[in-house]
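Asker: So the sequence lines, in the order shown, correspond to chains A and B.
Be aware that the first sequence starts at 203, since it is given in my numbering, and climbs by one per residue.
Be aware that the second sequence starts at 2, since it is given in my numbering, and climbs by one per residue.
We put the beta carbon where it would ideally sit given N, CA and C, even for glycine.
I have a structure here, written as structure tokens, and I will follow up with some questions on it.
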Amino acid sequence: MRMSKEDTQNRDLGISDIDKVIHEPVRLSILAYLYVLDSADALFLKNQIGLTWGNFSTHLKRLEDAGYIQVQKEFVDRKPVTSYRLTELGRDAFQEYREKLSGFLKELPE
Amino acid sequence: MENNIDLKEIERKAFFSYHKDGILDIYLGIGIAMASSIFFYEYSIGLTGVVALIPILYAASKKQYTIPRLGYVKFSNSTQGRARRSFTLALLLGTVSAVAGFFAFYSVLSSGYNWIEPFIENWKIVIASILLVVFSLFGYVSELKRMYYYAVVSFLVFISGLIITVSGYWFPLILGGIICVNGLIHLYRFTQDYPLEKGHEDE
Numbered sequence: 203m204r205m206s207k208e209d210t211q212n213r214d215l216g217i218s219d220i221d222k223v224i225h226e227p228v229r230l231s232i233l234a235y236l237y238v239l240d241s242a243d244a245l246f247l248k249n250q251i252g253l254t255w256g257n258f259s260t261h262l263k264r265l266e267d268a269g270y271i272q273v274q275k276e277f278v279d280r281k282p283v284t285s286y287r288l289t290e291l292g293r294d295a296f297q298e299y300r301e302k303l304s305g306f307l308k309e310l311p312e
Numbered sequence: 002m003e004n005n006i007d008l009k010e011i012e013r014k015a016f017f018s019y020h021k022d023g024i025l026d027i028y029l030g031i032g033i034a035m036a037s038s039i040f041f042y043e044y045s046i047g048l049t050g051v052v053a054l055i056p057i058l059y060a061a062s063k064k065q066y067t068i069p070r071l072g073y074v075k076f077s078n079s080t081q082g083r084a085r086r087s088f089t090l091a092l093l094l095g096t097v098s099a100v101a102g103f104f105a106f107y108s109v110l111s112s113g114y115n116w117i118e119p120f121i122e123n124w125k126i127v128i129a130s131i132l133l134v135v136f137s138l139f140g141y142v143s144e145l146k147r148m149y150y151y152a153v154v155s156f157l158v159f160i161s162g163l164i165i166t167v168s169g170y171w172f173p174l175i176l177g178g179i180i181c182v183n184g185l186i187h188l189y190r191f192t193q194d195y196p197l198e199k200g201h202e203d204e
């Protein structure tokens, strides 16, 4: 398969292997919050990130499908709560993403 | 996009949003008004029982107002540790101050020691200084900036007693009232910022 001009440029810059699942503002924010929290439900994450519901659940599903977050269903004061927690895979992927991005940006001239 | 994702700031934002509701202030104000008034108004001693209920009422209020609006969250151990340290410090300092106050008061009554008399005579300055230190420490440990404001307000309320002549029990009542009203303002803003949402769970 022939590589596009854009792919070639990205490879040259060393960012072609950056995780596209994480490299999206909403998903990146969700992962950042879950990285510092033990767990949180969708309402808390939505309020923190400052979004409307829109396709927020689609982003959560995308992260869940990638195995980066896991859904927990529990009862808190006899009420069902669906919360999200970062998986080990998600934690590692987020760390790797930070390192790659930070390394790439550091190399840029002032 | 920024070079570095500020995770500390994200954690702080999440932690402070949980305490933006003013519920802590409301119960703190009620607690001060009730607990402190026993020093000045003997009939209110029964209210100390109500003070013991405050942690239970605080937790119930959080479940009633905060979680349905802000969402459910479990903080990491380090953040929980900070909350626990703040609470323990406040409890410890409050208890030490109360016990020291009682001890000083009864030691003077029973044994006639006079070393404590200057403290008793200048009780407004003593309490103003204790509250200034307690609230400042609470603010420092919890990183809740409004605790510093309460430290200054407490100091001013009790020091104003050097100029204004009113019965002693008014000072904790006024201080508790100010903190409580500030808490209610925060709660009102919180309910405006985070209105109740229904039917989002399945989206």
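Pick out whichever of F16(B), I55(B) and E12(B) has its Cα sitting closest to the Cα of V238(A).
Answerer: Your numbering for residue 238(A) matches position 36 in the first sequence. Residue E12(B) is the option with its Cα nearest to V238(A).
Asker: Since T284(A) sits in a beta bridge, which residues does DSSP pair it with?
Answerer: Locating residue 284(A) in the first sequence gives position 82, where the first residue counts as 1. T284(A) pairs with K275(A).
Asker: Give the interface partners of F76(B) over in chain A, defined as CB-CB distance under 7 angstroms, in chain order.
Answerer: Counting from one through the second sequence, the residue named residue 76(B) turns up at place 75. Per Cβ cutoff of 7 angstroms: L239 and D240.
Asker: Would you say D267(A) faces chain B, with C-beta separation under 9 angstroms as the test?
Answerer: Numbered from its first residue, the first sequence carries residue 267(A) at position 65. With 9 angstroms as the cut-off, D267(A) does not count as an interface residue toward chain B.
Asker: Excluding the 5 residues flanking A152(B) on each side, which residues of the same chain have their C-beta closer than 6 angstroms to its C-beta?
Answerer: Working through the second sequence from its first residue, we reach residue 152(B) at position 151. Scanning its chain for C-beta atoms nearer than 6 angstroms, with the 5 sequence neighbours on each side dropped, one finds around A152(B) the residues L133, F136 and S137, in chain order.
Asker: Check each candidate in E290(A), D279(A), K248(A) and A268(A) and name the one with the smallest Cα separation from S231(A).
Answerer: For the purposes of this step, residue 231(A) is taken as the residue at position 29 of the first sequence. Of E290(A), D279(A), K248(A) and A268(A), the residue nearest in Cα terms is K248(A).
Asker: Who are the neighbours of E144(B) on chain A, taking C-beta pairs under 7 angstroms?
Answerer: For this step, residue 144(B) is matched to residue 143 along the second sequence. From the beta-carbon of E144(B), no residue of chain A is found nearer than 7 angstroms; the closest lies around 15 angstroms away.
Asker: In terms of residues, what are the limits of the alpha helix (DSSP H) holding S231(A)?
Answerer: The count along the first sequence starts at 1 and reaches residue 231(A) at position 29. Element bounds for S231(A): P227 to V238.
Asker: Do A34(B) and L176(B) count as a contact pair if the criterion is CB distance below 9 angstroms?
Answerer: Residue 176(B) sits at position 175 when you count from the first residue of the second sequence. Residue 34(B) sits at position 33 when you count from the first residue of the second sequence. Their beta carbons are under 9 angstroms apart, which means L176(B) touches A34(B) by this criterion.
Asker: Closest Cβ-Cβ distance between Y195(B) and chain E: below 9 angstroms?
Answerer: Within the model displayed, chain E is absent; protein chains A and B are what it includes.
Asker: Would you identify the three-state DSSP class for S218(A), choosing helix, strand or coil?
Answerer: On the first sequence, position 16 is the one that residue 218(A) refers to. S218(A) falls in the coil class under three-state DSSP.
Asker: Whole angstroms are fine: how far does the CA of L291(A) sit from the CA of D313(A)?
Answerer: Since the first residue of chain A shown is 203 and the last is 312, residue 313(A) is not available in this structure.
Asker: Within a Cβ cutoff of 8 angstroms, which residues of the same chain sit near D219(A), ignoring the five residues on either side of it in sequence?
Answerer: The residue you call residue 219(A) lines up with position 17 of the first sequence. Sequence-distant partners of D219(A) (beyond 5 residues in either direction) whose C-beta falls short of 8 angstroms from its own C-beta, in its chain, are K302.
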